[in-house]
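Residue numbers (my numbering): 34 to 372.
Backbone N, C-alpha and C fix where the C-beta goes; we use that ideal spot for every residue, glycine too.
See structure below.
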Amino acid sequence: MTVAGVVSPLFGYTGGSYYATTARGDVFVYHNELQLKRHDGAYHATTAQGDVVVYHGDGQTAGILPCESELVGMHVDIARMIMIAIANGPVAHLHYLRLDPEEAALAGRFLFRHPNLDLHLDYIFCMSSGDGVCSLGGIKSLTSLYYADRLHTFKRDLPSDALSLHHSSPDLVFAGLRSSLVLMEDLRVQSRMPNVVAMAANRRAVIGVKRLKDSAVPWGLMVSAMDDQLLLFDVRFGKSPLIQFKGHRNSFPCSLGLATSSDDEIIFAAGSDFRLRAWSTVTGDQIVKTREDEQTDEWDEEPNPLQVEFRRTPIILEVREDFGLDVAVDSEIQVYSLR
């Protein structure tokens, strides 16, 4: 195993936004700059330059530089005190950190290890995590990385590239494919035939999937695809969508921000026109139309994110438990709160 990692300050909080530089002091370039996750007020984010950004929520910041390759994403298992960073590069690889309880007080300074584990992937498009497992979408393949007891992988072939993934449980993964299909993969079995549960129109690439809670929409599956498609399917009957959400804009073949409220009754989606929109997953109605002449007092002092034209397309969205919204644009995380 090789060891890599350097710690330095990264974030400063300024007027509702977190601004980041890399662990080397560089400025982020635009392209998958920030992958964002929040844990009880703290953030971690990964960048295309190989940095892991950590904001502890109490004003303390830290940064880790596992490698200089693009980091696709990061999984944090708080209960097991495990952090896993997934990287592309000449060869796709991972960086792994497992803290002992005695080391928890020193968590502000730690080193990732680079285990010699074959991920069976030349390139990783996306990742999603469940309890004890991380799944990675690759070229006509899905690789599951298990880490609870020991690090090992299992690869399965797919009919097309996996551009988006969502773990609805540790054993079930929904995979959105370049070919327009959405598959449901049961990691407990090796199926010979793909289990198709949804399909985008006109054979357009699926760039976002999320299985909704049954309390919001029984058997509901959100699907985002090219050609402005944002669809809700019943996974039992996937030939045609239950709802086609009007007003969505997307002409990009890569992932855009897609997130739901904690109860899954509202879907937020970023568009290729640099705007955010929101709809009810129950009725399909748009929540707030993005028109400059419309005003709302629902959002606190910050501008309403549903009426803002961002500098770039928001790549990452996270809806907080308080129904606030975190938006990652370039090297900035914008934080919006409801009154």
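Cutoff 6 Å; reference R413; Cβ partners in own chain excluding five residues on either side
Residue 413 falls outside the range modelled here, since the chain spans only 34 to 372, and no answer is possible.
Outcome for A112 when other beta-carbon atoms lying within 10 angstroms are tallied against a minimum of 16
By 1-based counting over the sequence shown, the position of residue 112 is 79. Label assigned to A112: exposed.
Provide the residue span of the beta strand (DSSP E) that contains E342, from first to last.
To locate residue 342, count along the sequence shown from 1; it is residue 309. Note, E342: premise wrong, no beta strand (DSSP E); not H, not E.
Between D296, D247, K243, which has its C-alpha nearest S288's C-alpha?
Position 255 of the sequence shown, counted from the start, is the residue given in the question as residue 288. Comparing Cα positions, the closest option is K243.
How long is the line joining the alpha carbons of D363 and P347, rounded to whole angstroms?
Translated into positions along the sequence shown, residue 363 becomes position 330. Translated into positions along the sequence shown, residue 347 becomes position 314. Roughly 8 Å between the two C-alpha positions.
Give the straight-line distance between the Cα atoms of M114 and L152, rounded to the nearest whole angstrom.
In the sequence shown, the residue the question calls residue 114 occupies position 81. In the sequence shown, the residue the question calls residue 152 occupies position 119. One C-alpha to the other measures close to 22 Å.
Give the C-beta separation of L169 and L150 to the nearest angstrom, bearing in mind that I take them to be a contact with Cβ-Cβ under 8 Å.
As a working mapping, residue 169 is identified with position 136 in the sequence shown. As a working mapping, residue 150 is identified with position 117 in the sequence shown. At roughly 12 Å, the Cβ-Cβ gap does not stay under 8 Å, so L169 and L150 are not in contact.
Decide yes or no for the touch test of the region 294-304 against the region 342-362: beta carbon pairs closer than 8 Å, at least 3 of them.
A contact exists between the region 294-304 and the region 342-362.
Taking the beta strand (DSSP E) that Y88 falls in, what are its first and last residues?
Here residue 88 is taken as the residue at index 55 of the sequence shown, counted from 1. Here the beta strand (DSSP E) through Y88 covers 85-88.
Taking its Cβ as the centre, do 16 or more other Cβ atoms sit within 10 Å of P274, making it buried, or is it exposed?
For the purposes of this step, residue 274 is taken as the residue at position 241 of the sequence shown. Counting C-beta atoms within 10 angstroms of its own C-beta, P274 has 16 or more neighbours from the protein chains shown and is therefore classed as buried.
Cβ contact (3+ pairs, closer than 8 Å) linking the region 178-187 and the region 300-312
no
Grouping DSSP H, G and I as helix and E and B as strand, with all else coil, what is A234?
Position 201 of the sequence shown, counted from the first residue, corresponds to residue 234. In this structure, A234 counts as helix in the three-state DSSP scheme.
Identified DSSP bridge partners for D318
Reading the sequence shown from its first residue, position 285 is the one you call residue 318. The partner list for D318 (beta bridge, DSSP) is empty, contrary to what the question assumes.
Straight-line CA distance for D318 to V368?
The residue given as residue 318 occupies position 285 in the sequence shown. The residue given as residue 368 occupies position 335 in the sequence shown. When rounded, the distance between both Cα atoms is 25 Å.
Whether A238 touches R211 by CB criterion (7 Å)
Residue 238 sits at position 205 when you count from the first residue of the sequence shown. Residue 211 sits at position 178 when you count from the first residue of the sequence shown. Cβ distance < 7 Å, so A238 and R211 count as in contact.
What is the residue span of the beta strand (DSSP E) that E373 lies within?
Examination of residue 373 is not possible in this model, given that the chain is present from 34 through 372 alone.
Straight-line Cα distance separating E342 from F187
To locate residue 187, count along the sequence shown from 1; it is residue 154. To locate residue 342, count along the sequence shown from 1; it is residue 309. The straight-line gap from Cα to Cα measures roughly 42 Å.
Residues sharing a beta bridge with C167, DSSP:
Here residue 167 refers to the residue found at position 134 when the sequence shown is read from its first residue. S162, L178.
Is the Cβ-Cβ distance between Y129 and I117 less than 7 Å?
Numbered from 1 along the sequence shown, position 96 holds the residue referred to as residue 129. Numbered from 1 along the sequence shown, position 84 holds the residue referred to as residue 117. It is a contact, given that the beta carbons lie within the stated cut-off.
Which residue from R269, A302, V85 puts its Cα closest to that of P99?
Translated into the one-based positions of the sequence shown, residue 99 becomes position 66. Answer by Cα proximity: V85.
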